[in-house]
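Residue numbers for the sequence shown follow this note's numbering, beginning at 184 and rising by one.
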Amino acid sequence: MNKRCKGCGAILQYEYSDKLGYSPKHDADYCQRCFRISHYDDVTISMKTGIDPDTVLRKVSSLNALILWVVDLFDFEANLIAGLNRHLQGKTIVLVATKRDLLPETTGNQKLADFMMQRLQDFGIAIAGLVICGDLVKHAFDKENHSLQEVEKAIGYYREGRDVAVIGMANAGKSTLLNGLLKKNTLTTSRHPGTTLDLVEMDMGDYTLYDTPGLTRKDSYLTVGDESLLKQLIPDRRLKARSYQLYEDQSLAVGGLARLDLLGGKKVTCVGYFAPSLKLHRGKALSADALWHTHMGTLLAPSLSESFESMKRFSYTKKSKEKLDVVIHGLGWFCISGDVKDIHIYVDKAVSVTFRKAMI
Ligand SMILES: Nc1nc2c(ncn2[C@@H]2O[C@H](COP(=O)(O)OP(=O)(O)OP(=O)(O)O)[C@@H](O)[C@H]2O)c(=O)[nH]1
Ligand SMILES: [Mg+2]
């Protein structure tokens, strides 16, 4: 039988150093790519778009396993999987929400749970249970962090003799969660989406635990951004709510990546939730076009699109007083409350935007 890399699941091979699974040593447990990711944070072969989601879902659905669906709370909308129950017919699904540590501490878990249940209902996704995890990277084993115990409890309750497999979008934190359950860093984890390459089987005594490659979506800054952009987009610490009070037509820029125009408002509060390293600029909506034409890529940085004209616009007319989130996949979101009429948001042409009832 072919030997597989313990970190990413790729079949090990010893001939082609530019192909997946390569190792220079015949007795190695890990491929060179995993070694370089773990030791140098260097992803030698990017698999951001190279893994076929249908193949992954097919492999997972053929297992007799309880499913832990790992969902990144920061990038929640882009982590939803339409038709999940159809893809995994007959499977019991427990949603495990990760990266709670990035969201404001003041937001209660009950509120987050209610929000998620509502979104799942909107998407027609049914789950059996829900666990919200705190920081699984730096504080997984802290006394006051009960996340892993809660996941273990859910496994004990819902497994009913079956194996256990994780699924979810790339970068959701699946391998990190499993390393926590294994209590050692067996699996390769990284901020590069597409780290895990194939199913990885681990013996837990009573059952087999499976890590799986993340599913990818093309309409996210996580997929279209290059490695250096990813470093800036992904928050490395808790998000600071950046709040703006607006009294006239205004425009807010997230670096040179996204522009939000709020029009026809009298008194509007807009809160941005983005990686702390990303700069937000506020200005008059009237002069925003000129600003973007001249300063995209310089004052408005980082940027990705080749020009402002090439960016795509999404619009929304706010009719109720309800707080509204404008979510930019892979980047973060604005929460808008108060009296605003028209909302326009410009993003890279490949990226999607979702308008939703406020999460926080
Ligand atoms: N802030 C925070 N970051 C996390 C947490 N869990 C995972 N991460 C980070 O998220 C990134 C992705 O983690 P992985 O475990 O590699 O994600 P994955 O779902 O296995 O990704 P793929 O293998 O690409 O599908 C890494 O940079 C992790 O450090 C968490 O609880 N909090
Ligand atoms: Mg992984």
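No residue lacks a Cβ here, since even glycine has one placed at the ideal position from N, Cα and C. Values in this document were obtained by computation on a predicted structure and should not be read as measured data.
{"Query": "Using the C-alpha atoms, what's the distance from residue 533 back to residue 401?", "Result": "7 Å"}
{"Query": "Check the Cβ-Cβ distances between residue 381 and every residue of chain B, and say whether any is below 8 Å.", "Result": "Looking at the structure shown, chain B is missing, and only one protein chain is on hand."}
{"Query": "As a quick exercise: from 491, 479, 477 and 512, pick the residue whose alpha carbon is nearest that of residue 456.", "Result": "512"}
{"Query": "Can you tell me whether DSSP reads residue 497 as helix, strand or coil?", "Result": "strand"}
{"Query": "Does the distance between the C-beta of residue 253 and the nearest non-hydrogen atom of ligand 1 fall short of 7 Å?", "Result": "yes"}
{"Query": "Just grab the DSSP bridge partners of residue 430 for me.", "Result": "None, per the DSSP bridge assignment."}
{"Query": "With a threshold of 8 Å, are at least 3 pairs of Cβ atoms found where one atom belongs to the segment 240 to 248 and the other to the segment 203 to 222?", "Result": "no"}
{"Query": "Would residue 379 and residue 395 qualify as a contact pair, given that the criterion is a beta-carbon distance under 8 Å?", "Result": "yes"}
{"Query": "Do you know whose CA, among 251, 538, 458 and 234, lies nearest residue 341's CA?", "Result": "251"}
{"Query": "Work out the CA separation of residue 499 and residue 414 for me, nearest whole Å.", "Result": "30 Å"}
{"Query": "Please state whether DSSP places residue 424 in a helix, a strand or coil.", "Result": "coil"}
{"Query": "Let's see if you can read the secondary structure: which residues bound the alpha helix (DSSP H) around residue 537?", "Result": "Unbroken run through residue 537 is the beta strand (DSSP E), 536 to 540; no alpha helix (DSSP H)."}
{"Query": "Can you round the beta-carbon distance between residue 281 and residue 256 to whole angstroms, since I take them to be within the 8 Å contact cut?", "Result": "7 Å"}
{"Query": "Since residue 441 and residue 338 are thought to touch, with beta carbons under 8 Å apart, how far apart are those beta carbons, to the nearest angstrom?", "Result": "In fact, because the Cβ distance is near 39 Å, the residues do not count as touching under 8 Å."}
{"Query": "Return helix, strand or coil for residue 374, following the three-state DSSP convention.", "Result": "coil"}
{"Query": "Can you tell me whether residue 459 is buried or exposed, with buried defined as 16 or more other CB within 10 angstroms of its CB?", "Result": "exposed"}
{"Query": "Thinking residue 349 and residue 253 are a contact (beta carbons under 8 Å), I'd like their distance in whole angstroms, please.", "Result": "5 Å"}
{"Query": "May I ask which residues mark the beginning and end of the beta strand (DSSP E) holding residue 384?", "Result": "383 to 386"}
{"Query": "Roughly how many whole angstroms lie between the Cα atoms of residue 520 and residue 268?", "Result": "34 Å"}
{"Query": "Between residue 352 and the rest of its own chain, which residues show a CB-CB distance below 6 Å, the 5 nearest in sequence each way excluded?", "Result": "262, 397 and 398"}
{"Query": "Below 8 Å between beta carbons: does that hold for residue 525 and residue 494?", "Result": "no"}
{"Query": "Under the assumption that residue 432 contacts residue 473 (Cβ atoms under 8 Å), give the Cβ distance between them as a whole number of angstroms.", "Result": "Actually they do not touch by this definition, with Cβ atoms about 14 Å apart."}
{"Query": "Is the CB-CB distance between residue 319 and residue 359 below 8 Å?", "Result": "yes"}
{"Query": "Do residue 370 and residue 334 have their CB atoms nearer than 8 Å?", "Result": "no"}
{"Query": "Rounded to whole angstroms, what is the Cα-Cα separation between residue 298 and residue 229?", "Result": "34 Å"}
{"Query": "Under 7 Å from any heavy atom of ligand 2, does the C-beta of residue 233 make it?", "Result": "no"}
{"Query": "Would you mind sorting residue 404 into buried or exposed? The rule is 16 or more other CB atoms within 10 Å of its CB.", "Result": "buried"}
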